[in-house]
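Here full-length UniProt numbering is used: the first residue of the sequence shown is 1, the next is one more, and so on.
Each residue gets a CB set at the ideal place from its N, CA and C atoms; glycine is no exception.
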Amino acid sequence: MNVGITQTVFDEKYGRLEKRKRTWRSFLPTPKDALGLFPIINTARNYKKSFIVGDVTAGFTVAVMHIPQGMAYAALASLSPVYGLYVSFFAPIIYTFLGSSNHASIATFAPVSIMVGQFVDSALVANNCTESCSGVEDISIKSAASLNFVVGSMLLLMSVLQLGFIGDYFSRSMVKGLTLGIAFHVMTSQVKKALDFAVKSINGPGSLLLTWFEVIKNIEETNLCSLIIAAVCIVLLTLTMYANDFIRKKKFPVPIPIELILVISGTVVSDLLSFEKVYDISIVGKVPVGLPMPEFPLTDMPVEFVDLLQPAITITLVSFAVTLALGKTFAERKGYTINANQELFALGSTDFLTSFFSCFPASASPSRSSVQIETGGSTQLVSLLSSCLLLSVLLFFGKFVTALPMAVLAGIIMFALRSYFMQLTQIPELWRRDKLEVLIFLSTAVVTICVDISSGLIFGIAFSLAIVLWRLQTPEYVQLGRIVGTSHFRDVERYARADAIPGLLIFRYNMSLFYANSERFITAVKQQVQERQASPIEGEDKLSVVILDFETFNFIDHSGILTLFSLKSWLEKQAIKLVVSRCRFDILQKLKNDNLFAELGDSCVFPSVYDAVMAFTAETSISDENENSRKIISNGENHRVKDETEFSNPAQVISRL
């Protein structure tokens, strides 16, 4: 009788090495770790001359985008447009030195801005301050800067605690659903500015739906001139988008800066025709020249510190999730990697430090980041160049945008939201791939729209985790059979030539074994055994061995071990032997530590399914098959049996060692 090699013999023959234990010194930071906090050093070392043209082109293009977006998103945050330019100037500089992504454009971001705006509006209400109050701007910027300080502190704390892995739990469907829901909030806020009439500020659950009720109720107060301006801007932006697509196909890297053109032309026309006085159109108003002086953001806070926590947590998670997702996307596209913990450190440092300069929270922007990579940007030198250009705007040209109609900024923002709404067109394709992902996407979006952004975030994360747990608890399990003429073992229900072996039941559970699914595991094995006993296969007198294939087990906990003990006892009562195969190193160690290895016996633990089958199958049942199949191990295992006769007697093998 030919016998397969056992796990013990395999380990001795091929020299299994014990895993080295980490000492306390291995946890200490090294000079390399310190340098890793500043990825700019590695970028400078590897910078190529060929990057210069692309970085300069992208730097100019992104700077041109920063101007209208910074102003528009500041208005979205219920702040004067100049504060958006401050964010667009300071944030990229800090991120350049600390960020691990070469292509993420960090500054203003619509979803974050709308959350800041909601917090600022609630702070104004708490201080009984309306738009006509003399101190409205002071309260607004102090509220936003305080929020930025707390967001930055939270991100830095997460970095210190190495919580970058949290980003792995933000499924793309959840992030897309959340940003889609936020896009509806952003659109609602800009519709009010495009219609240009006062709408009662509404906060809390259901605020979006209630706001639309107020808008419809007062629709007759619409300023037609503002509405026409916003509509014209959207039409021009749409036409230019198609023109830029044509230009890009012709390999011309610089798109038409239509947003900047609209800002300049809108300002000039508004000033010449006196839009504010003649047509009662809301304009940007006075814009201070120069840079703000540093100031501790928590001084004279207009809100209680505890009131900062809930919006800060939401913004922290949203900004990190979006920045990490964008960074990973561009890194995969360009063939490098990013570090989630480093991104926490970079984004946290950016928000923390910019809070001293009257800035609100920053995040990566999909639109600017895409333009940065499409126009040839290769490094974060792009961000430094764009900040240099923005500095000239802050020092010399800010005063010239005083007459800019707010409807122009509203049109720019509403057009920028198109990419979020276009996500709805992906539903049919996503439905074909994974219906549960569609459920996560739509449910997160609906909760965000109907309740509020914070509730949408909490629901999205909780629902995504619930789906993960459900998948862990209900994995697929299969019975394996041997492919005729080979030593490969496959699912008998999916391969016509995979034959079950008389007397043996080979069972594979396609998931790790732990407390949440151990009951399903033992129930599945018992069901398979009982079905075989009730309907034996051809040539089978009695089921005598159950072989468990542990290939899919990444870990096993104590509950899983107890389940295996219970299964062994149940099988022994029916005169069936339990055998395990293909254990990972750490799982094998777990079996030994919990005495299951000793309980099973050395003769019942094998390095491969093939070896286990060889040990419990008569020679005549396999000798007529392909002789070469004896020289390989099933399903991609790494060791090769050089001579089948070498293992005909385990005692001989041990004596040779």
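Can you tell me whether DSSP reads residue 541 as helix, strand or coil?
coil
Tell me the residue span of the alpha helix (DSSP H) that contains residue 532.
518 to 534
Nearest-angstrom beta carbon gap, residue 274 and residue 326 [assumed within contact, 8 Å]
At roughly 42 Å, the Cβ-Cβ gap does not stay under 8 Å, so residue 326 and residue 274 are not in contact.
For the segment 81 to 96 and the segment 152 to 166, state whether three or more C-beta atom pairs, one from each stretch, are separated by less than 8 Å.
no
Have a look at residue 455 and residue 448 and give me their C-alpha separation to the nearest angstrom.
6 Å
Supposed contact pair residue 91 and residue 107 - C-beta distance, whole angstroms, cut 8 Å:
5 Å
Classification of residue 140 by the beta-carbon crowding that lies within 10 angstroms, buried from 16 upward:
buried
What runs of the beta strand (DSSP E), each 3 residues or longer, lie entirely inside the segment 375 to 399?
none
Which of the three DSSP states, helix, strand or coil, is assigned to residue 5?
coil
With DSSP collapsed to three states, give me the class of residue 283.
strand
Return yes when the Cβ of residue 171 is within less than 7 Å of the Cβ of residue 341, no when it is not.
no
For residue 162, the three-state DSSP class (helix, strand or coil):
coil
Can you list the alpha helix (DSSP H) stretches of 4 or more residues lying completely in the segment 200 to 250, in chain order?
207 to 217, 224 to 249
Would residue 582 be called buried (16 or more neighbouring beta carbons within 10 Å of its own) or exposed?
buried
Use the C-beta contact count for residue 336: other C-beta atoms within 10 angstroms, 16 or more gives buried, fewer gives exposed.
exposed
Candidates 11, 534, 303, 67, of which the one nearest residue 387 by Cα:
67
Rounded C-alpha distance that separates residue 632 from residue 14:
Reliability fails at residue 632, whose pLDDT of 36 lies under 50, so the model's placement of it is uncertain and no value is given.
Three or more C-beta pairs below 8 Å linking the segment 417 to 435 and the segment 88 to 102
no
Report the rounded CA-to-CA distance for residue 481 versus residue 539, giving the unit in angstroms.
15 Å
What does DSSP give as the partner residues of residue 506 in its beta bridges?
480, 547
Relative to the C-alpha of residue 487, which candidate in 547, 365, 611, 526 has its C-alpha closest?
611
Measuring only the C-alpha atoms, how far is residue 622 from residue 166?
The predicted position of residue 622 is uncertain, since its pLDDT is 41 and thus under 50; a value taken from the coordinates is nonetheless stated next. C-alpha separation (whole angstroms): 50 Å.
Beta-carbon gap between residue 94 and residue 350 smaller than 7 Å:
yes
Are residue 473 and residue 516 closer than 7 Å when you measure CB to CB?
yes
With DSSP as the reference, label residue 417 as helix, strand or coil.
coil
Continuous alpha helix (DSSP H) stretch holding residue 586: start and end:
585 to 593
Taking only three categories from DSSP, how would you classify residue 106?
strand
Smallest Cα separation from residue 545: which of 560, 567, 559, 562?
567
What first and last residue would you give for the alpha helix (DSSP H) that runs through residue 581?
Looking at the DSSP string, residue 581 is not in any alpha helix (DSSP H); the run it does join, the beta strand (DSSP E), is 577 to 581.
Using the beta-carbon count (16 or more within 10 Å), is residue 383 buried or exposed?
buried
Alpha helix (DSSP H) runs contained entirely in the segment 256 to 310, provided each spans 4 or more residues:
258 to 273, 275 to 279
Contacting residues, own chain, Cβ-Cβ under 7 Å from residue 233 (five flanking each side not counted):
262, 408, 411, 412
Buried versus exposed, by CB contacts within 10 Å (16 or more), residue 118
buried
Return the chain-ordered list of same chain residues with a C-beta closer than 8 Å to the C-beta of residue 37, the five sequence neighbours on each side being excluded.
98, 342, 345
Contact defined as beta carbons within less than 8 Å: I believe residue 113 pairs with residue 203. What is the distance between those atoms, to the nearest angstrom?
That pair is no contact at about 16 Å.
Since residue 45 is in the alpha helix (DSSP H), which residue starts that stretch and which ends it?
39 to 45
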